Every structure is written in structure tokens, then in C-alpha cells.
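One structure below.
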Amino acid sequence: MTKKGKNVKKLISFTVLASMAIAITSCNTSNKNKNVSNNNPIISETESNKIIKLPNSIVKYETLEEAIEACGFKFSIPDTIVGYENKQYSIINDETIQITYYNEKKLESINEEDLKNITFDSFNANQHTLFIRKSTGTEDISGDYNDYSEINRIYINNLDVTTKGNNGKISVAIWTNNGYTFSITTNNPISTDLLLDIIINIK
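If you're matching positions, the sequence shown starts at 70 in the working numbering and goes up one per residue.
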């Protein structure tokens, strides 16, 4: 075989080997990518938003008695509140009992999952709700961090109640008693008289 023929043969062999190397590398890269995908599932934007928007664990109960038993402390509330037809019972983060007063007609378009996870900021002004909460400690558990032009203190039955609102109406009330902290929040501001009627029925 001539020298030229040998060079051609070497060139062909090198080309074949190079092609095989590229194919093997591509295959390994593909397999590695599959392993990364399987071991590290992609979190969708929707799932990520859920984690951000629902930091609290909220569990709904059929009765107040069930919520009390689950949370471990007693809770007395008004049986009815003027302007509201229904109640819902839930526990937040295993430590706060929340009672939601609402009107069925206002919530009929909301599905069961949304109703389970309602919070003060979940509703607009056309969907009136009122929340009463109780937990151990002295922290503000209202969940309402809006700015209000009127912040006052009311004394009733040896309770020192802080109220927040605008234009003579109250949107938030917070107080403590015997090692427990309480709050009332509503997106349908109420009068001082109605607030006092509610508070005297809460223990």
C-alpha cells in the first residue's frame, strides 16, 4: 500500500472514532439530563405562588366543639351577629381558633377549597365577612396590617380593647385576657355598639 493510501485509511479511522466519541458523549449527556430532571422536579410558577400565598395551615371543622377539642382550649362566641347568616370553624397553624361569620349568598360563587382557606384579605367589599380569633399569648393575631386613621382604646368588663378603623367605624379590635389573645376583623366596618355586643359574648 502506498503512503498516500495509508494516510487516507488513518483519516477514515480517526473520523469514525471521533463520530463514536461524539455519539457516546451525547448519549451520556442526555442520560445525565434525564437524571437531573427526575431527581429535581421543576416547581411551576403556580405551585410556587401557592407556597407563598398560603403560608398558614388552615383546617376546617364542622362544629366549634371539634375545633376546641383539636386546639385544646375553650372558646365562647356569639351564636349570631347582626348582618351575618352563617358560621365556619377552623384552626390556623394548630394554635389559633378562627370563627368566620359570612353570608351564603355572598360566597355562593366560591368553591370549597377557597372557602376552606379564607383569610381577612381574601374578600372584597362586596363579600362581607367577620372573623373572631383566639389563641394563647399576647401577640396581635388579627392578620390585618392595614393603616387606619382612627386607633382608640375601649374598656369593657375589665378588658382593654384596642380598636382600629376609619370614619367612626371599626374594622379591627384586639385584646388579651387571662393568657389568651383575641381579635375581631371585618371588611364591613361596624359601630362601637355592635362591637361591644360581640365582645361581651366572647371568652
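Note that the Cβ used here is the ideal one computed from N, Cα and C, for glycine as well. Note that the structure is a prediction, hence the values are computed from the model and not measured.
Query: Which residues in the same chain as G234 place their Cβ atom closer than 6 Å to its Cβ, once the five residues preceding and following it in sequence are excluded?; Result: Y217, E219, S240, P258
Query: Going by C-alpha to C-alpha distance, which of N221, S159, W244 sits closest to I269?; Result: W244
Query: Taking R222 as the reference, which of T232, Q157, Q167, D213 has the closest Cα?; Result: T232
Query: Measuring alpha carbon to alpha carbon, tell me which residue in V151, Y153, E164, E154 is nearest E138.; Result: E164
Query: If distances are taken between C-alpha atoms only, which option among L199, K143, I160, S159 comes closest to Y170?; Result: L199
Query: Do L133 and I146 have their CB atoms nearer than 9 Å?; Result: yes
Query: Do H197 and T254 come within 9 Å of each other at the CB atom, strictly closer than that value?; Result: no
Query: Looking at the structure shown, is T132 part of a helix, part of a strand, or coil, going by DSSP?; Result: coil
Query: Can the beta-carbon of I267 be found closer than 9 Å to that of I201?; Result: yes
Query: Exposed or buried, what is S126 when buried is set at 16 or more other beta-carbons lying within 10 Å of its beta-carbon?; Result: exposed
Query: Please classify F142 as buried or exposed, where buried requires at least 16 other C-beta atoms within 10 Å of its C-beta.; Result: exposed
Query: Which of the three DSSP states, helix, strand or coil, is assigned to T232?; Result: strand
Query: Quick one: what does DSSP say T273 is sitting in, helix, strand or coil?; Result: Here the chain covers residues 70 to 272 and nothing more, so residue 273 does not appear.
Query: Suppose you measure from the CA of I225 to the CA of D262; what does that come to, to the nearest Å?; Result: 11 Å
Query: Is the Cβ-Cβ distance between I161 and F144 less than 9 Å?; Result: no
Query: When burial is assigned at 16 or more other CB atoms within 10 Å of the CB, is Y276 buried or exposed?; Result: This structure leaves residue 276 out entirely; the chain is present only between 70 and 272.
Query: Taking all protein chains shown into account, decide if D213 is buried (16 or more other Cβ within 10 angstroms of its Cβ) or exposed.; Result: buried
Query: Just the Cα atoms here: how many angstroms apart are G46 and G206?; Result: Coverage of the chain is limited to positions 70 through 272, which leaves residue 46 absent and any answer about it impossible.
Query: Looking at the structure shown, is K103 part of a helix, part of a strand, or coil, going by DSSP?; Result: With a pLDDT of 34 at K103, under the threshold of 50, the modelled position of that residue is not reliable, and no figure is offered here.
Query: At least one CB of chain C closer than 9 Å to the CB of I210: is that the case?; Result: Annotation note: the requested chain C is absent from the structure, which comprises a single protein chain.
Query: Which of helix, strand or coil does DSSP assign to I201?; Result: strand
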